[in-house]
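Its first residue numbered 1, the sequence shown is counted upward by one per residue in the UniProt record's numbering.
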Amino acid sequence: MSAIGRRERTKAANREAILTAGRDVFVETGFDNASVRDIIRRTSLASGTFYNYFPDKEAVLHEILAEATEEIRVRVHAARRDATTVEEFVAGGLRAYVEYLDGDRATLALMSRNAGTMRAMFDSGSIGAGVEDLKTDLDAAMAAGLVRPHDTGLMAAAMVGAAVEVTIRLGDEERPDLEGAVELLTSVFVAGLEPR
């Protein structure tokens, strides 16, 4: 094995160790109370190593969320793309979102424990990209006559905002009713999207 290959694997392992430690610390103590020192203590790395990978704890949080939201965006878009009714469009996307989080309880706990931070990041790259994806899908659904004409940017923000807020609340529950959340949000948004 070459030295370059070994070095690259070490760098990837170090980066992953920092991300894993960051997620754990953010869930346990909260993002606002966490420090870079808290994160690095959870690893076997030297304290200065953190800055070889990330400039600050915000970059760690953004990377953690980017990894999760990338997969969520793919799943949600696929569910909406295949919809033939308004209800399938709304419920399918929501179900893909909550099913991902049900399978990734660490991200659900991260969102719930850091609700204020999540809300503040609404327009950030990872969450903001989800709003833009939904706007694009709503534009396509409107062009196809699946949904009534409306301000797709405003609707996308409302739908993503409601889904994130409900998810944050569900994360506080020992046995969250994910399907109940999908049904509730579907009933709210289908009424505003169904063609008249």
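Backbone N, C-alpha and C define an ideal beta-carbon position, used for all residues, glycine too. Predicted, not measured: the structure shown is a model, and the values here were computed from it.
In this structure, does DSSP put E173 in helix, strand or coil? Walking along the sequence shown from the start, residue 173 turns up at place 173. DSSP places E173 in coil when its eight states are reduced to three.
Using only alpha-carbon positions, find the residue among V164, L146, K135 that is nearest to G153. Along the sequence shown, one-based indexing puts residue 153 at 153. Looking at the Cα atoms, K135 is the closest of the given residues.
Go through its chain and collect everything with a Cβ distance to P149's Cβ below 8 Å, but skip five positions before and after it. The residue given as residue 149 occupies position 149 in the sequence shown. M142, listed in sequence order.
Quick one: what does DSSP say V147 is sitting in, helix, strand or coil? Taking the sequence shown and counting its residues from 1, the one referred to as residue 147 is at position 147. Coil, per DSSP.
Please state the DSSP three-state secondary structure of A66. Taking the sequence shown and counting its residues from 1, one reaches residue 66 at position 66. Helix.
Give the list of continuous alpha helix (DSSP H) stretches no shorter than 4 residues that lie fully inside the region 55–115. 57–81, 86–103, 105–113
Same chain, Cβ closer than 7 Å to R15, neighbours up to 5 away in sequence not counted: For the purposes of this step, residue 15 is identified with residue 15 of the sequence shown, where counting begins at 1. Answer for R15: Y53, listed in chain order.
Relative to the alpha-carbon of G130, which residue among P176, D56, L65, I40 has its alpha-carbon at the smallest distance? Mapped onto the sequence shown, residue 130 falls at position 130. Measuring from the Cα of G130, the nearest candidate turns out to be L65.
Would R95 and V182 qualify as a contact pair, given that the criterion is a beta-carbon distance under 8 Å? Reading the sequence shown from its first residue, position 95 is the one you call residue 95. Reading the sequence shown from its first residue, position 182 is the one you call residue 182. A contact, by the Cβ cut-off of 8 Å.
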